[in-house]
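These protein sequences, in sequence, are chains G and Z. Counting along the first sequence from 1, when you hit position 204 you're at 204 in the working numbering, and nothing is skipped either side. Heads up, the working numbering is the position in the second sequence plus 289, with the first residue counted as 1.
There are 2 protein chains.
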Amino acid sequence: MCNESTIQASAQSTLADRIRHEIDTFTTSEKRAAHVLLSHYPFAGLETVAEFATRAGISAPSVLRFVTRLGFNGFPEFQKHLREELEARLLSPLAKAGPSGNSQGAPALASFADAVIGNLNATVENIAPAEFEAVVALLSDQRRQIHFTGGRFTGALARYAESHFRIVRSQVDYIDGQPSLWRDRMIEIGRKDVLVVFDIRRYQEDVIALSETAARQGATVVLLTDPWLSPIARVARHVLPAPIVAPSNWDSSIGLMLIAEALVGAVTRRLWDTAKPRMEAVERLRNGE
Amino acid sequence: MCNESTIQASAQSTLADRIRHEIDTFTTSEKRAAHVLLSHYPFAGLETVAEFATRAGISAPSVLRFVTRLGFNGFPEFQKHLREELEARLLSPLAKAGPSGNSQGAPALASFADAVIGNLNATVENIAPAEFEAVVALLSDQRRQIHFTGGRFTGALARYAESHFRIVRSQVDYIDGQPSLWRDRMIEIGRKDVLVVFDIRRYQEDVIALSETAARQGATVVLLTDPWLSPIARVARHVLPAPIVAPSNWDSSIGLMLIAEALVGAVTRRLWDTAKPRMEAVERLRNGE
DNA sequence: CGAAAGCTGTACCAAAAATTACAAAACGAC
DNA sequence: GTCGTTTTGTAATTTTTGGTACAGCTTTCG
Numbered sequence: 001m002c003n004e005s006t007i008q009a010s011a012q013s014t015l016a017d018r019i020r021h022e023i024d025t026f027t028t029s030e031k032r033a034a035h036v037l038l039s040h041y042p043f044a045g046l047e048t049v050a051e052f053a054t055r056a057g058i059s060a061p062s063v064l065r066f067v068t069r070l071g072f073n074g075f076p077e078f079q080k081h082l083r084e085e086l087e088a089r090l091l092s093p094l095a096k097a098g099p100s101g102n103s104q105g106a107p108a109l110a111s112f113a114d115a116v117i118g119n120l121n122a123t124v125e126n127i128a129p130a131e132f133e134a135v136v137a138l139l140s141d142q143r144r145q146i147h148f149t150g151g152r153f154t155g156a157l158a159r160y161a162e163s164h165f166r167i168v169r170s171q172v173d174y175i176d177g178q179p180s181l182w183r184d185r186m187i188e189i190g191r192k193d194v195l196v197v198f199d200i201r202r203y204q205e206d207v208i209a210l211s212e213t214a215a216r217q218g219a220t221v222v223l224l225t226d227p228w229l230s231p232i233a234r235v236a237r238h239v240l241p242a243p244i245v246a247p248s249n250w251d252s253s254i255g256l257m258l259i260a261e262a263l264v265g266a267v268t269r270r271l272w273d274t275a276k277p278r279m280e281a282v283e284r285l286r287n288g289e
Numbered sequence: 290m291c292n293e294s295t296i297q298a299s300a301q302s303t304l305a306d307r308i309r310h311e312i313d314t315f316t317t318s319e320k321r322a323a324h325v326l327l328s329h330y331p332f333a334g335l336e337t338v339a340e341f342a343t344r345a346g347i348s349a350p351s352v353l354r355f356v357t358r359l360g361f362n363g364f365p366e367f368q369k370h371l372r373e374e375l376e377a378r379l380l381s382p383l384a385k386a387g388p389s390g391n392s393q394g395a396p397a398l399a400s401f402a403d404a405v406i407g408n409l410n411a412t413v414e415n416i417a418p419a420e421f422e423a424v425v426a427l428l429s430d431q432r433r434q435i436h437f438t439g440g441r442f443t444g445a446l447a448r449y450a451e452s453h454f455r456i457v458r459s460q461v462d463y464i465d466g467q468p469s470l471w472r473d474r475m476i477e478i479g480r481k482d483v484l485v486v487f488d489i490r491r492y493q494e495d496v497i498a499l500s501e502t503a504a505r506q507g508a509t510v511v512l513l514t515d516p517w518l519s520p521i522a523r524v525a526r527h528v529l530p531a532p533i534v535a536p537s538n539w540d541s542s543i544g545l546m547l548i549a550e551a552l553v554g555a556v557t558r559r560l561w562d563t564a565k566p567r568m569e570a571v572e573r574l575r576n577g578e
């Protein structure tokens, strides 16, 4: 390896970079320490050895071995280095800029993330705040029943949204996309109901059929889809599109997930007076169990 | 809990502000301490009492009296406060703008997206490329069977990942977190198996139990979790953490979703020769129906 | 399958840190 | 100038912290 004797806080290479670089040469518990340090960098390292160890789920001696392996001559020296690095970083505000390094090796995750972040920015730009707010208001109407559904892949998103809304308010359920499973449930759906449907390209026949049926019966349909718009858009009251292309053989649904989580957050805030007791009750039930 | 209410790190007023305001009520040596602290704020306070004292040209007890007068219950508490303040400052480069309110104007979706994007950047930074690649290699090993599972909310993510992997390769399944459903399936899990588990805080007992059982039987555990690490990290071979805090009453799982999608993409590319025919076959089956 | 190497945690120890007690010094008031 | 009060430093004390030896366990390699 490199000459580990040279620890100095070069403005360029932070200790974090070195750890990321060498992490696969670490032992299991050293990796744990590294993860904790990196995810709370550098503050996790400024606490005591015992606290650091607890946080990482390892023993104190393992933490000591970790810092020794990094080339430091004891824990206090390690902390001193972190402080100095932090001070330097704070004095030059540009330090936090781009992930410049990111050299050759494996930008697999990084480049994918870049594309996704682009998608998220575009998602925000393409959705009118008024539209978003309208959906929030709709989902905050406690007199309405809310149903979630989605296709092969997006069904998981619908479930994700439903599992949150279920706690925030009552009258929430998930409808499986398979026709045999929803056909009979349709008789209950009417003007007071809201259907939130996730559907992206390779638009799924059965999901479309479900949505059209619901719309025909007077339900209000909210559609989360890609920019090319699922056919469901024809019957939807509100359409929230999000880009889905990514450097992958698959589409990315993260834009839809963003919308879903933002909706959950906004509705929770709006219904806070009733949502809070519900959330606490759920918590109590879980603990009591 | 502890009544730190007296001191607490109000987002608004930093301790430095208070010191500046009260400095003329201090004694001579307290003023010296204050002056040193302010000129190297807050790093002077993060050293030991003795170092601080030397730097200020006063005695250690004077330093102690200084922090006591500031209202702290001992020097360590004082340091803890400084660390937290520093962390808060570093995490929000927007200075002290309290976004808590955010009531009307600010588009809820936009600010939420900003936070999520920050999470995604942090996610990329905190995961070592080597670690990511190791997981890709593991999931690309067609001789192994891969199981996905997750908790109340994260279960949907596990399903999402599983629905993709299922098409890319064989030997993929989803395990429901409920003990009654997985207990008997465990007999089949052994050294050749991989368990990919999603678990974020409010770590779920049954998911932990499932993972520990699998690990005990020799399965390789891959954990996607938050920066505080689910207890499952203790038995996991690979840990991929992602920040989850968002301006919402709920945690955001989008960082985990990013990792999941990136894994799907990378594995698909690596197994392309066998994955492509599979994907085409699935397509044909869907259309033929 | 068995032995060796390496990793990890428990228990303990030593060092250093924070804290307190107390007396000397500085300051002010009269 | 002296007394009383406040402030400050020295030194002893206690608590906490970092560090180490060792034994059990896991993994690896023959």
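Just so you know, even glycine gets a beta-carbon here, dropped at the ideal spot from N, CA and C.
Rounded distance between the beta-carbons of residue j and residue i, thought under 8 Å
i              : j              : result
residue 67(G)  : residue 60(G)  : Rounded, the Cβ-Cβ distance is 11 Å, inconsistent with contact.
residue 439(Z) : residue 250(G) : That pair is no contact at about 19 Å.
residue 424(Z) : residue 543(Z) : Their Cβ separation, rounded to whole angstroms, is 19 Å, which puts residue 424(Z) and residue 543(Z) out of contact at 8 Å.
Per-residue burial, residue i [other beta carbons within 10 Å of its own, 16 or more giving buried]
i              : result
residue 24(G)  : exposed
residue 97(G)  : The predicted model places residue 97(G) with a pLDDT of 33, which falls under 50 and marks its position as unreliable; any figure quoted below should be read in that light. Classification for residue 97(G): exposed.
residue 415(Z) : buried
residue 368(Z) : buried
residue 105(G) : Because the pLDDT of residue 105(G) is 36, which lies under 50, any placement of that residue in the model is unreliable, and the question is left without a value.
residue 470(Z) : exposed
residue 390(Z) : Bear in mind that a pLDDT of 38 at residue 390(Z), under 50, signals an unreliable position, so the number given afterwards is only what the model happens to contain. With fewer than 16 Cβ atoms within 10 Å of its Cβ, residue 390(Z) is classed as exposed.
residue 384(Z) : In this prediction, residue 384(Z) has a pLDDT of 30, which is less than 50 and means its spatial position is unreliable; what the coordinates show is noted afterwards. That one is exposed.
residue 84(G)  : exposed
residue 284(G) : exposed
residue 418(Z) : buried
residue 352(Z) : buried
residue 488(Z) : buried
residue 550(Z) : buried
residue 93(G)  : At residue 93(G) the pLDDT is 42, less than 50, meaning the model places this residue with poor confidence; the figure from the coordinates comes in the next sentence. With fewer than 16 Cβ atoms within 10 Å of its Cβ, residue 93(G) is classed as exposed.
residue 566(Z) : exposed
residue 420(Z) : buried
residue 214(G) : buried
residue 328(Z) : exposed
residue 42(G)  : buried
Contacts that residue i makes with chain Z (C-beta to C-beta distance below 8 Å)
i              : result
residue 268(G) : 537, 538, 539
Cross-chain neighbours of residue i in chain G, by beta carbon under 8 Å
i              : result
residue 475(Z) : Chain G residues near residue 475(Z): none, gap ~22 Å exceeds 8 Å.
residue 492(Z) : What residue 492(Z) touches in chain G: nothing, since even the nearest Cβ is about 11 Å away.
residue 633(Z) : In the structure as shown, chain Z begins at 290 and stops at 578. Residue 633(Z) is therefore absent and cannot be evaluated.
residue 366(Z) : The premise fails here: residue 366(Z) is roughly 13 Å from chain G at the closest Cβ pair, so nothing lies under 8 Å.
Closest Cα partner of residue i within the set the options
i              : options                        : result
residue 325(Z) : 344(Z), 482(Z), 477(Z), 315(Z) : 344(Z)
residue 190(G) : 218(G), 281(G), 123(G)         : 218(G)
residue 119(G) : 269(G), 244(G), 142(G)         : 244(G)
residue 259(G) : 193(G), 51(G), 223(G)          : 223(G)
residue 464(Z) : 452(Z), 456(Z), 458(Z)         : 452(Z)
residue 492(Z) : 520(Z), 501(Z), 475(Z)         : 520(Z)
residue 241(G) : 108(G), 14(G), 26(G), 121(G)   : 121(G)
residue 178(G) : 130(G), 209(G), 227(G)         : 209(G)
residue 111(G) : 283(G), 247(G), 262(G), 271(G) : 247(G)
residue 317(Z) : 450(Z), 347(Z), 305(Z), 334(Z) : 347(Z)
residue 523(Z) : 21(G), 31(G), 20(G)            : 31(G)
residue 88(G)  : 15(G), 169(G), 117(G), 44(G)   : 15(G)
residue 282(G) : 82(G), 148(G), 168(G)          : 168(G)
Endpoints, the alpha helix (DSSP H) within which residue i is located
i              : result
residue 225(G) : Residue 225(G) -> not in any alpha helix (DSSP H); beta strand (DSSP E) instead, spanning 220-225.
residue 430(Z) : First-last for residue 430(Z): undefined, no H or E at that position.
residue 293(G) : What is shown of chain G runs 1 to 289, which leaves residue 293(G) out entirely.
residue 52(G)  : 49-56
The beta strand (DSSP E) enclosing residue i, as first and last residue numbers
i              : result
residue 160(G) : Note, residue 160(G): premise wrong, no beta strand (DSSP E); alpha helix (DSSP H) at 154-168.
residue 238(G) : 238-241
residue 193(G) : 193-199
residue 473(Z) : First-last for residue 473(Z): undefined, no H or E at that position.
residue 462(Z) : 461-463
Interface partners of residue i on chain Z, CB under 7 Å
i              : result
residue 120(G) : 402, 405, 406
residue 53(G)  : Neighbours of residue 53(G) on chain Z: none; closest Cβ ~13 Å, over 7 Å.
Within chain Z, the residues that residue i reaches when beta carbons sit closer than 9 Å
i              : result
residue 163(G) : 441, 442, 444, 445
residue 123(G) : 398, 402
residue 40(G)  : 376, 516, 517
Chain-ordered chain G contacts of residue i [CB-CB under 7 Å]
i              : result
residue 576(Z) : Going along chain G, no residue has its Cβ under 7 Å from residue 576(Z), so there is no contact; the nearest lies around 10 Å.
residue 361(Z) : Within 7 Å Cβ-Cβ: nothing; residue 361(Z) doesn't reach chain G, min ~17 Å.
Proximal chain G residues relative to residue i, where beta-carbon distance stays under 9 Å
i              : result
residue 520(Z) : 57
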